[in-house]
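Undergrad: First the structure, which I've put down as structure tokens, then a few questions once you've had a look.
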Ligand code: GLU
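Numbering (the numbering used here), first residue to last: 1 to 462.
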């Protein structure tokens, strides 16, 4: 069975790059009827935060990228790691390194001063003397001394590392016994049955170390896909300033999760020139072997454009559900579907949709001063009053066309032009001179509420 995993370190907020990796892992697993697992890499107790774990869970819930099985927390697995470290020590594939502080400092100094990587020289590799009493040793793995480590990366093709350049007997456990990053990743990926590792290519240089560990423990090596980074418009690493916000900030900005995932799937992968992908299409077409080899550029305008496309086309019931999450409950509102259909083309994000919807559903609490100055005067108020009096005699005026007939009849009888009534009535209904088609708005607001809102404005005067 194909098994992928997303393995975030909960040290900061979950950003879009992380979510893209999670999406790719999710799609590839689900497409293959496999499993998508979530592992929280929380061994760095100093840098971890509980809020970051909560943010990861929240982002998964919001985007509906549901993982299989229980979340694995590395912080709860120290016994497992200890066991494997002990196994390597017993098999003499790893050893205690008793470097004194002076020796360590000397090595660090050389590493600092030397542009070339100064490797640990293996001085305790074959040590079998009496361990120095006052030194707590680290554990180092016996890495190959020469040759190459190579693997076929699903994105990058064959990747080769010259052992001499990149490896030494690296530390797998600190002097307090806690295991190090590359060790736990390899152990966990293997124990979790992960068959395909899809991750950012900032981890490419960790891969040879992890392969050394797989080999030492005789574990299966998964297939790797190293995904190029997301860069900003200037080709630099994406930062907060470019909008590389925490995933949940996109929600605050009124972005739909569908749109964000669509934006992210295209950021580093393409299928012809198609831009809009439903989840089903992503599942049908996505293949990590087609991930772009070069870095992709983050373009927030494109996200806004995709978001607007989703707002235009999503099923009304889904938009109603989303608006509820944003605090606008339309369940008691009879004309909710007509309202959404009327407004969806005008909104770039859900906050805008909510604001315009609110302006139609609720009586205005204040009126746009500029519109009042421009369109309201004694004459237009008189027209509004007359119109309202006519409305008060009507019954069964429901559809936009019904209102159109009433308005046209009124204009004809009073020898008026539409603009003399339309703007004042907009101000009465929504508080400003801007609204979608006035007849549609009237139909949605309904006769009773229109009469009330026009009365309110007339009472207020100019
Ligand atoms: N914990 C690592 C990170 O957040 C990912 C490790 C991996 O995917 O192998 O960058």
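Beta carbons are placed, not taken as given, at the ideal position from N, Cα and C, and that holds for glycine. These numbers come from a predicted model, not from an experiment.
At a cut of 8 Å, does the stretch 221–239 reach the stretch 247–259 through at least three beta carbon pairs?
TA: With a cut-off of 8 Å, the stretch 247–259 and the stretch 221–239 do not count as touching, because too few Cβ pairs lie within range.
Undergrad: Is it buried or exposed, residue 426, if we count other Cβ atoms within 10 angstroms and call 16 or more buried?
TA: Taking the chain shown and counting its residues from 1, the one referred to as residue 426 is at position 426. Buried: at least 16 other Cβ atoms inside 10 Å.
Undergrad: Write down every uninterrupted run of the beta strand (DSSP E) in the stretch 173–206 whose length is 3 residues or greater and which is fully enclosed by it, in chain order.
TA: Those beta strand (DSSP E) runs which fall completely within the stretch 173–206 and span 3+ residues are 196–200.
Undergrad: Measuring straight from C-alpha to C-alpha, what distance separates residue 235 and residue 202?
TA: As a first step, residue 235 is located in the chain shown; it is residue number 235 there, counting from the start. As a first step, residue 202 is located in the chain shown; it is residue number 202 there, counting from the start. Cα-Cα distance, rounded: 16 Å.
Undergrad: Confirm, please, whether the CB-CB distance from residue 312 to residue 345 is below 7 Å.
TA: For the purposes of this step, residue 345 is taken as the residue at position 345 of the chain shown. For the purposes of this step, residue 312 is taken as the residue at position 312 of the chain shown. It is a contact, given that the beta carbons lie within the stated cut-off.
Undergrad: Quick check: residue 438 and residue 422, are their CB atoms within less than 7 Å of each other?
TA: Taking the first residue of the chain shown as 1, we reach residue 438 at position 438. Taking the first residue of the chain shown as 1, we reach residue 422 at position 422. Result yes, Cβ atoms of residue 438 and residue 422 sit closer than 7 Å.
Undergrad: Considering residue 273, what are the terminal residues of the beta strand (DSSP E) in which it resides?
TA: Position 273 of the chain shown, counted from the start, is the residue given in the question as residue 273. Neither: residue 273 is in no beta strand (DSSP E) and is coded neither H nor E.
Undergrad: Would you say residue 199 touches ligand 1, meaning its beta carbon is less than 6 Å from a heavy atom?
TA: Within the chain shown, numbered from 1, the residue matching residue 199 stands at position 199. Result yes, Cβ under 6 Å from ligand 1.
Undergrad: Any heavy atom of ligand 1 inside 6 Å of the beta-carbon of residue 41?
TA: Along the chain shown, one-based indexing puts residue 41 at 41. Yes, the Cβ of residue 41 comes within 6 Å of a heavy atom of ligand 1.
Undergrad: For the alpha helix (DSSP H) containing residue 59, list its first residue and its last residue.
TA: Walking along the chain shown from the start, residue 59 turns up at place 59. Counting along the chain, the alpha helix (DSSP H) containing residue 59 begins and ends at 50–63.
Undergrad: As an exercise, report each continuous beta strand (DSSP E) stretch of at least 3 residues that is fully enclosed by the stretch 99–162, in chain order.
TA: 138–141, 148–153, 157–162, all fully within the stretch 99–162.
Undergrad: In whole angstroms, what is the alpha-carbon distance linking residue 70 and residue 316?
TA: Counted from its first residue, the chain shown places residue 70 at position 70. Counted from its first residue, the chain shown places residue 316 at position 316. Going from the Cα of residue 70 to the Cα of residue 316 covers about 34 Å.
Undergrad: Checking 7 Å against the spacing of the C-beta atoms, do residue 356 and residue 343 come in under that value?
TA: In the chain shown, counting from the first residue as 1, residue 356 sits at position 356. In the chain shown, counting from the first residue as 1, residue 343 sits at position 343. Yes, the pair counts as a contact, with Cβ atoms nearer than the cut-off.
Undergrad: Which same chain residues end up closer than 7 Å to residue 158 when comparing Cβ atoms and leaving out the 5 residues on each side of it in sequence?
TA: As a first step, residue 158 must be located in the chain shown, where it is residue number 158. So the list reads 150, 152, once near-sequence residues are dropped.
Undergrad: What first and last residue would you give for the alpha helix (DSSP H) that runs through residue 454?
TA: Here residue 454 is taken as the residue at index 454 of the chain shown, counted from 1. Where residue 454 is concerned, the enclosing alpha helix (DSSP H) stretches over 447–460.
Undergrad: Just to check, is the beta-carbon of residue 8 closer than 6 Å to a non-hydrogen atom of ligand 1?
TA: By 1-based counting over the chain shown, the position of residue 8 is 8. Yes, the beta carbon of residue 8 sits closer than 6 Å to at least one heavy atom of ligand 1.
Undergrad: Which residue comes first and which comes last in the alpha helix (DSSP H) that contains residue 4?
TA: Reading the chain shown from its first residue, position 4 is the one you call residue 4. Run containing residue 4: none in the alpha helix (DSSP H); it sits in the beta strand (DSSP E), 3–6.
Undergrad: Name the two residues that bound the continuous alpha helix (DSSP H) containing residue 347.
TA: By one-based count along the chain shown, residue 347 stands at place 347. Residue 347 -> no alpha helix (DSSP H), and no H or E assigned at all.
Undergrad: Closer than 6 Å to a non-hydrogen atom of ligand 1 - does that hold for the CB of residue 203?
TA: As a working note, residue 203 is residue 203 in the chain shown. Flag set: Cβ of residue 203 near ligand 1.
Undergrad: Count the other C-beta atoms from every protein chain shown that fall within 10 angstroms of the C-beta of residue 54, then say buried if there are 16 or more, exposed otherwise.
TA: The residue given as residue 54 occupies position 54 in the chain shown. Exposed, by the Cβ-count rule.
Undergrad: Within 10 angstroms of its Cβ, does residue 424 collect 16 or more other Cβ (buried), or is it exposed?
TA: To locate residue 424, count along the chain shown from 1; it is residue 424. Burial call: buried.
Undergrad: Contact between the stretch 126–136 and the stretch 102–112: three or more CB pairs below 8 Å?
TA: The answer is no - the stretch 102–112 does not touch the stretch 126–136, with fewer than three Cβ pairs under 8 Å.
Undergrad: Indicate the three-state DSSP secondary structure (helix, strand or coil) for residue 300 in the structure shown.
TA: Position 300 of the chain shown, counted from the first residue, corresponds to residue 300. Here residue 300 sits in helix by DSSP.
Undergrad: Roughly how many angstroms lie between the CA atoms of residue 253 and residue 246, to the nearest whole one?
TA: Indexing the chain shown from 1 puts residue 253 at position 253. Indexing the chain shown from 1 puts residue 246 at position 246. Each residue's alpha carbon lies about 11 Å from the other.
Undergrad: Once DSSP output is grouped into helix, strand and coil, what is the label at residue 246?
TA: In the chain shown, the residue the question calls residue 246 occupies position 246. In this structure, residue 246 counts as strand in the three-state DSSP scheme.
Undergrad: Any idea what DSSP makes of residue 403, helix, strand or coil?
TA: For the purposes of this step, residue 403 is taken as the residue at position 403 of the chain shown. Here residue 403 sits in helix by DSSP.
Undergrad: For residue 454, verify whether its CB is less than 6 Å away from any heavy atom of ligand 1.
TA: Taking the chain shown and counting its residues from 1, the one referred to as residue 454 is at position 454. No, the Cβ of residue 454 stays beyond 6 Å of every heavy atom of ligand 1.
Undergrad: Is residue 185 near ligand 1, with its Cβ less than 6 Å from a heavy atom?
TA: Along the chain shown, one-based indexing puts residue 185 at 185. Yes, ligand 1 has a heavy atom inside 6 Å of this Cβ.
Undergrad: Whole angstroms are fine: how far does the CA of residue 147 sit from the CA of residue 162?
TA: By one-based count along the chain shown, residue 162 stands at place 162. By one-based count along the chain shown, residue 147 stands at place 147. When rounded, the distance between both Cα atoms is 6 Å.
Undergrad: What would DSSP say about residue 266, mapped onto helix, strand or coil?
TA: Within the chain shown, numbered from 1, the residue matching residue 266 stands at position 266. Reduced to three states, the DSSP call for residue 266 is helix.
Undergrad: Would the beta-carbon of residue 245 be found less than 6 Å away from any heavy atom of ligand 2?
TA: This structure lacks ligand 2; its bound ligands are ligand 1.
Undergrad: Give me the DSSP bridge partner(s) of residue 97.
TA: By one-based count along the chain shown, residue 97 stands at place 97. BP columns for residue 97 point to 138.
Undergrad: Starting from residue 81, trace the alpha helix (DSSP H) in both directions and tell me its first and last residue.
TA: By one-based count along the chain shown, residue 81 stands at place 81. Per DSSP, residue 81 belongs to the alpha helix (DSSP H) from 78–90.
Undergrad: Can you tell me which of 7, 461, 284, 29 puts its alpha carbon nearest to the alpha carbon of residue 195?
TA: One-based indexing of the chain shown puts residue 195 at position 195. Ranking the options by Cα distance to residue 195, first place goes to 29.
Undergrad: Check for me: the alpha helix (DSSP H) holding residue 370 runs from which residue to which?
TA: Numbered from its first residue, the chain shown carries residue 370 at position 370. Residues 369–375.
Undergrad: Note down the Cα distance separating residue 288 from residue 309, rounded to an integer number of angstroms.
TA: Taking the first residue of the chain shown as position 1, residue 288 is located at position 288. Taking the first residue of the chain shown as position 1, residue 309 is located at position 309. Rounded to the nearest angstrom, the two C-alpha atoms are 26 Å apart.
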